[in-house]
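Working notes, beginning with the structure itself.
In the numbering used here, the protein residues as written are 7 to 535.
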């Protein structure tokens, strides 16, 4: 996610940011290797309290970082930052017509990273405990982050990204919320190319690193799954000396990263335990496994966590009932619980917190009721982004959803509203067709594939979903039953959904697609009816 001027508009007025470590303007200039340009007899001993790249979030005492984005140039908003109380701007060229003092650097994004790194070094230099937990993986990063934040917040002040701030802008902005009282920083680390996560670990070297899964997200950018695994492994290579890797035992590409960990400091999580041992773990390794997994009537997982501690025969068990939907979230919960256990939480407390974490980042398996006139349906909003793994997980979540009663008469009518998946490379048509086949062979009753009137690529990919669904549904349904719809906009999808709901009052609707598909906009529309 980009965090330049326009992309944070929905959060610009509502976010509550913590103060960073105290540093004066002179120290900031030195940290970013910049040159001071004074316009109003700058007091270089003036202490800044926060850093933003969106001028709408500036408050008195802030540093404004002017970033040149794809559509917006932050330098055009330096005057706005001054009016809002900024004490200095970090710029790539001097901006005239303002009295705001400026630090000129070669690259403002790199300067942001340098400032974040300096902020974390200041925090580590205090004689107080401080831990950085890095999270990466093709799917599940943000939900795991949300769970882990809820857990660690019971132990001390915890800073974590808003939404999916996980790139070379979002991670530094998050790290610059770390202050003298911060106990934990959760650093979500994403990548589209090899080397990006290595850069993020240079800014925020983790004490613990979670690797969730190596999938095909961004396959088109990386070129191969092996390159994706290489990129994800950079978080393990970037661990501090004696750092700990928390690895998915069920994913062979992730478990292979254990050989990169100094002194074999590895903790494992997974579902495929045999005789109490996870496949990739030895008896000397700490491991958390899940078993007896069931779904309640709302598709929320109930399961047993088994803890095996090193080479001892000590095994602990506890039942967990997740408050968020989706069986795939069992693995995310295991990863978060593994770290929380290492940092001092009891299994009882972990289970208690996980049973209450119903608020996660927007557009991620969010349950709500949508009403219009006399009609309503249940919405599962998972529209933030999509790749083949998360798309199948979303469909599985839809299929698992029942009503309060599971009788046949109350069985919901399941509608999957699916958009395209981006950055999948040369196999993108086949991967979209496969999703259509997958949904047709599930218990979903209707699929609405949403393309685009203005983007032929998005339209083509959505059409592949529809084709895959139709080919698999052929001869399975009476000719009078229309189960597959292909539309060219979110507005058309809206119309189709309400027509289906009018015929099937107990409908439940899944929204799932890449951000560019615009389904999150449809979710916002439904939320504001």
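For glycine and all other residues, C-beta sits at the position ideal for the given N, C-alpha and C. What you are looking at is a predicted structure, and each value in this text was computed from that prediction instead of being measured.
Status (buried if at least 16 other CB within 10 Å, exposed otherwise) for residue i
i	result
residue 315	exposed
residue 320	exposed
residue 76	exposed
residue 413	Unreliable placement is indicated for residue 413, whose pLDDT of 46 sits below 50; the coordinate value is still reported in the next sentence. Exposed, by the Cβ-count rule.
residue 164	buried
residue 299	exposed
residue 155	buried
residue 211	buried
residue 207	buried
residue 65	exposed
residue 19	Here residue 19 scores only 30 on pLDDT, less than 50, and its place in the model should not be relied on; the value that follows carries that caveat. So residue 19 counts as exposed.
residue 458	buried
residue 325	exposed
residue 35	buried
residue 508	exposed
residue 105	exposed
residue 471	buried
residue 535	exposed
residue 460	exposed
residue 291	buried
residue 127	exposed
residue 500	buried
residue 344	buried
residue 352	exposed
residue 403	buried
residue 469	buried
residue 232	exposed
residue 323	exposed
residue 442	buried
Same chain only: Cβ atoms within 7 Å of residue i, ignoring 5 sequence neighbours per side
i	result
residue 510	419
residue 526	369, 389 and 390
residue 25	55, 56 and 185
residue 37	120, 121 and 124
Nearest to residue i (by Cα), restricted to the options the options
i	options	result
residue 531	79, 374 and 239	374
residue 366	235, 124 and 150	150
residue 394	192, 518 and 363	518
residue 148	446, 341 and 505	341
residue 465	504, 513 and 520	520
residue 143	116, 157, 82 and 261	261
residue 533	50, 179, 501 and 376	376
residue 249	272, 263 and 312	272
residue 267	310, 221, 108 and 216	216
residue 350	79, 90 and 160	160
residue 145	230, 37, 522 and 218	218
residue 515	493, 503, 339 and 522	503
residue 205	259, 231 and 140	140
residue 387	440, 332, 170 and 112	332
residue 537	448, 451, 493 and 452	Residue 537 lies beyond the stretch modelled for the chain, which goes from 7 to 535, so this question has no answer here.
residue 171	183, 182 and 194	194
residue 202	175, 213, 181 and 323	175
residue 512	495, 505, 417 and 442	417
residue 544	235, 183 and 182	Because the chain spans 7 through 535 in this model, residue 544 falls outside it and cannot be assessed.
residue 230	434, 444 and 496	434
residue 86	524, 61, 107 and 179	61
Close Cβ partners of residue i (< 8 Å) along its chain, the five nearest in sequence each way excluded
i	result
residue 479	446, 489 and 490
residue 498	456
residue 302	308 and 327
residue 486	Bear in mind that a pLDDT of 39 at residue 486, under 50, signals an unreliable position, so the model cannot answer this.
residue 361	326, 327, 328 and 329
residue 451	419, 420, 421, 489 and 510
residue 200	228, 233, 236, 237 and 240
Rounded Cβ spacing between residue i and residue j (contact assumed at less than 8 Å)
i	j	result
residue 209	residue 245	At roughly 14 Å, the Cβ-Cβ gap does not stay under 8 Å, so residue 209 and residue 245 are not in contact.
residue 346	residue 158	6 Å
residue 427	residue 397	6 Å
residue 153	residue 363	6 Å
residue 69	residue 98	With a Cβ gap of about 15 Å, residue 69 and residue 98 do not count as contacting.
residue 84	residue 101	4 Å
residue 39	residue 111	7 Å
residue 264	residue 286	7 Å
Spatial neighbours of residue i in its chain, beta-carbon cut-off 6 Å, leaving aside the 5 residues before and after
i	result
residue 188	163 and 165
residue 284	255, 274, 276, 293 and 295
residue 29	none
residue 406	301 and 305
residue 53	28 and 30
Three CB pairs or more closer than 8 Å across the stretch 239-251 and the stretch 165-178: no
Cβ contact (3+ pairs, closer than 8 Å) linking the stretch 134-141 and the stretch 112-121: no
Cβ contact check for the stretch 243-257 and the stretch 271-279: 3 or more pairs under 8 Å: yes
The stretch 458-477 touching the stretch 376-386, judged by at least three CB pairs closer than 8 Å: no
Meets three-Cβ-pair contact criterion under 8 Å: the stretch 36-45 and the stretch 57-64: no
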